[in-house]
Amino acid sequence: MNRREEFWVKCWRDAAEKSLYRETFPEERKCWDATADYYDAGMGSSNERVDVLLGYLKRQGFWNGSKKQILDIGSGTGAFALPLAACGAAVTALDCSPEMNRIVRQKAREKDLNVKVQTGDFNRLPFETRAYDLVIGSMNPGLYHPEPFLRMLSLSRDLVVYVGICDTPVKKKDNGSCKSLDEILLGHTMTHSGSNHVQYPCQLLKAMGYRPVVLPVQCQWRCEEEEALAVGRLIRHYETVETGIIVKNWREAIRAYVKDALQDGRFINEGKTVMGVLVCSLKSEETAMEMTV
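Be aware that the sequence shown starts at 52, since it is given in my numbering, and climbs by one per residue.
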């Protein structure tokens with residue numbers, strides 16, 4: 052590993068170690084299980100970043116030749132896995148959340164798509180080196196760290212795709228209060244401390260001798276719920292981190308928060324951010340992979 056690689060590995064690792072998200076949600080599976088349907092209706096259905104990637108792959112002639120093998124790490128409810136399978140690829144969708152995977156299986160079955168759904172932790176499962184034509188990780192907290200990213204690179208024989216943020220997300224408050232629900236219940240705003248920024252994998256790849264391309268795209272989402280559904284979902288979500296809650300009657304605090312936020316009887320959550328869809332060919336620099344992994 053050269054000095055530039057070491058520098059960016061350290062920068063990324065330092066940011067990851069400051070992440071309040073990793074500290075607050077040590078068991079991510081429970082968190083995602085509790086919010087799978089809600090995620091699918093909101094951020095999971097935001098297609099802007101998917102359209103950008105599919106357009107790029109088509110322009111680059113990625114689909115020419117033999118059938119593509121694709122691994123989607125942290126596939127969620129299938130935002131990328133399903134469209135990639137619809138293009139004719141054999142897709143392995145990996146996620147730690149059984150509930151997320153339930154949704155992917157149902158969608159794949161309804162659309163008759165070739166998607167193999169696997170439940171587990173990417174960092175603990177065995178994978179064959181360079182077994183896939185494309186390996187993708189999109190907004191996956193498990194990849195907000197250099198070590199799993201480097202392992203991700205080792206699995207691709209052609210392209211790697213990494214989706215992270217390009218700027219600070221602009222998220223509207225769920226209600227008109229000055230504090231978010233995280234601030235009220237946990238005492239702080241949830242943050243990845245910048246470890247989810249696309250600059251880290253981009254600069255690390257450049258240091259390794261590759262030429263990554265970052266495609267910026269504005270993404271937005273909006274989700275509406277009835278009052279009772281919103282309260283139930285938020286209670287299940289915060290039950291996964293109950294030991295970190297600083298408010299005694301926190302369930303009542305959630306009910307009050309939701310009631311105060313209602314607009315025409317609906318609880319609305321919306322936000323927008325600029326994401327970076329990083330695409331990098333690993334064919335151009337064979338020795339870089341061998342030096343790093």
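Beta carbons are placed, not taken as given, at the ideal position from N, Cα and C, and that holds for glycine.
Compute the Euclidean distance between the alpha carbons of H288 and K334, then round it to the nearest angstrom.
-> 42 Å
Have a look at C253 and Q269 and give me their C-alpha separation to the nearest angstrom.
-> Approximately 19 Å between the Cα atoms of the pair.
Just the C-alpha distance for G240 and A87, rounded to the nearest angstrom, thanks.
-> Position check: residue 240 holds Thr in this sequence, whereas Gly was assumed. C-alpha separation (whole angstroms): 21 Å.
Please state if the CB of S189 and the CB of V155 are separated by a distance shorter than 8 Å.
-> V155 places its beta carbon 8 Å or farther from that of S189.
Helix, strand or coil at C331 [DSSP, three-state] = The DSSP-derived three-state label of C331 is strand.
How is G283 classed by DSSP in three states: helix, strand or coil?
-> helix
Decide if I320 is buried, meaning its Cβ has at least 16 other Cβ atoms within 10 Å, or exposed.
-> The residue asked about is misnamed: residue 320 is Asn in this sequence, not Ile. Looking at its Cβ environment, which holds 16 or more other Cβ atoms inside 10 Å, N320 is buried.
Quick one: give me the first and last residue of the alpha helix (DSSP H) that Y261 is part of.
-> First-last for Y261: undefined, no H or E at that position.
Would you kindly work out how many angstroms separate the C-alpha atoms of V292 and N115, rounded to a whole number?
-> 47 Å
A141 bridges to which residues according to DSSP?
-> Q120
Three CB pairs or more closer than 8 Å across the region 87–102 and the region 53–67 = no
From G322 to K230, what distance separates their C-alpha atoms?
-> 16 Å
Go to D15, then tell me how far its beta strand (DSSP E) extends in each direction, as first and last residue.
-> This structure cannot settle anything about residue 15, because the visible part of the chain is limited to 52 through 344.
Cβ distance (whole Å) where K310 is taken to contact E278 below 8 Å = About 7 Å separates the two Cβ atoms, so the contact holds.
Assign D163 to one of three DSSP states: helix, strand, or coil.
-> coil
Measure the alpha-carbon distance for C138 versus R284 and round it to whole angstroms.
-> In a straight line, the C-alpha of C138 is about 34 Å away from that of R284.
Length of the line joining the Cα atoms of V214 and E290 = Cα to Cα, V214 sits roughly 29 Å from E290.
What three-state label does DSSP hand C217 in the structure shown?
-> coil
In three-state DSSP terms, what is C253?
-> helix
Tell me W272's beta-bridge partners as DSSP assigns them.
-> G322
With 16 as the cutoff for other CB atoms within 10 Å, does V346 come out buried or exposed?
-> Here the chain has residues from 52 to 344 only, and residue 346 is not among them.
Does the distance from the CB of S207 to the CB of L236 come in under 8 Å?
-> no
Quick one: give me the first and last residue of the alpha helix (DSSP H) that D192 is part of.
-> It should be noted that the sequence gives Pro, not Asp, for residue 192. P192: not part of any alpha helix (DSSP H); DSSP gives it neither H nor E.
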